[in-house]
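For the sequence shown, our numbering assigns the number 2 to the initial residue and increments by one for each residue that follows.
Glycine included, every Cβ here is placed at the ideal spot set by N, Cα and C.
Note sheet for the following structure.
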Amino acid sequence: NGELKVRDELTLPRPLTLDSVKSKRARYWASAAWMDQQLGVILSALKNSGQENRTLIIFIGDNGLSLGDHGLLGKQNLYAFGGMHIPFLMAGPGIKPQKSEALAQVHDIFPTVADAAKCPNNLTQGVEGLSLLPVAQGTQSQLTRTYAFSRYRNVQFSVTDGHWKLIHYPEVNITQLFNLQADPTELRNLADESSAKTTRAVLEAELVRWRTSL
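Laid out in structure tokens, this is it:
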């Protein structure tokens, strides 16, 4: 993990117990329910203003939060449900009701908004993000992005193609490899399995390429 003594990880005494984790999760979901209610107030006001049909709504979280998952409590990790798999919802004119598995990232928001506002193409020239509008409108199912990369400081780096995910911890030279289709909660590390040797090599090469470009 790299940071087990930061604020989030100190919110419960160790070792974690089932009761303490259940209590923390109850408080988390209570907060989520309150936030959902407040968003409803905002959306009702938007509808009453008459601007609903000309407004693009994007709701996104900046990170996930471990609530006992993998023995962690905070966001200082690259596991899907503990940090990297965040809510990303869009609604508005032309947006198709659907669930997408496209490899979207936070830096896609700017080109998406620019695309929706019909800004000149040179506005987003050279930016790393991609417009999500074609996927959101249902005109294409995937982005041109093959891999999505993440990092936490300089102690954790990850790459995923949507099916497989590799996490590397350079300070201790540990690698984890997960089959996200069969193991979405990332509990079975396949990094040393011979059957996953080729997949590991491909993802490691992509991660090295990305880190070199930083």
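Can you find the residues in the same chain that come closer than 6 Å, C-beta to C-beta, to residue i, ignoring five residues on each side of it along the sequence?
| i | result |
| --- | --- |
| Thr125 | Pro112 and Ala115 |
| Glu53 | Leu47 |
| Ser21 | Leu13 |
| Asp109 | Gly130, Leu131 and Leu133 |
Span of the beta strand (DSSP E) holding residue i?
| i | result |
| --- | --- |
| Val128 | Per DSSP, Val128 belongs to no beta strand (DSSP E) and is neither H nor E. |
| Ser67 | Taken as a continuous stretch (DSSP letters only), Ser67 belongs to no beta strand (DSSP E), as it is neither H nor E. |
Answer yes or no: do residue i and residue j have a C-beta to C-beta separation smaller than 7 Å?
| i | j | result |
| --- | --- | --- |
| Leu144 | Leu131 | yes |
| Gly65 | Phe82 | yes |
| Tyr148 | Asp162 | yes |
| Leu167 | Leu181 | no |
| Glu172 | Val160 | no |
| Gln138 | Lys100 | no |
| Thr176 | Ala197 | no |
| Gly93 | Leu57 | yes |
| Leu90 | Asp9 | no |
| Glu187 | Tyr29 | no |
| Gly51 | Ile87 | no |
| Gln77 | Glu4 | yes |
| Arg146 | Leu204 | no |
| Phe158 | Leu208 | yes |
| Trp165 | Thr200 | yes |
Buried or exposed: residue i, going by 16 or more other Cβ atoms within 10 Å of its Cβ?
| i | result |
| --- | --- |
| Glu102 | exposed |
| Met85 | buried |
| His169 | buried |
| Val7 | exposed |
| Val42 | exposed |
Span of the alpha helix (DSSP H) holding residue i?
| i | result |
| --- | --- |
| Thr200 | Lys198 to Ser214 |
| Gln38 | Leu19 to Ser50 |
Please work out which residues of its chain come closer than 7 Å, Cβ to Cβ, to residue i, disregarding the five sequence neighbours upstream and downstream, and give them in chain order.
| i | result |
| --- | --- |
| Ala117 | Leu57 and Leu134 |
| Arg15 | none |
Taking 8 Å as the limit between beta carbons, can you name the residues of its chain near residue i, skipping five residues before and five after?
| i | result |
| --- | --- |
| Lys25 | Thr12, Leu13, Leu68, Gly69 and Leu74 |
Beta strand (DSSP E) runs contained entirely in the stretch 81 to 141, provided each spans 3 or more residues: 89 to 92
Restricting to runs no shorter than 3 residues, where is the beta strand (DSSP E) found entirely within the stretch 145 to 188? Taking only runs of at least 3 residues, the beta strand (DSSP E) segments lying wholly in the stretch 145 to 188 are 149 to 153, 157 to 161, 165 to 170 and 175 to 180.
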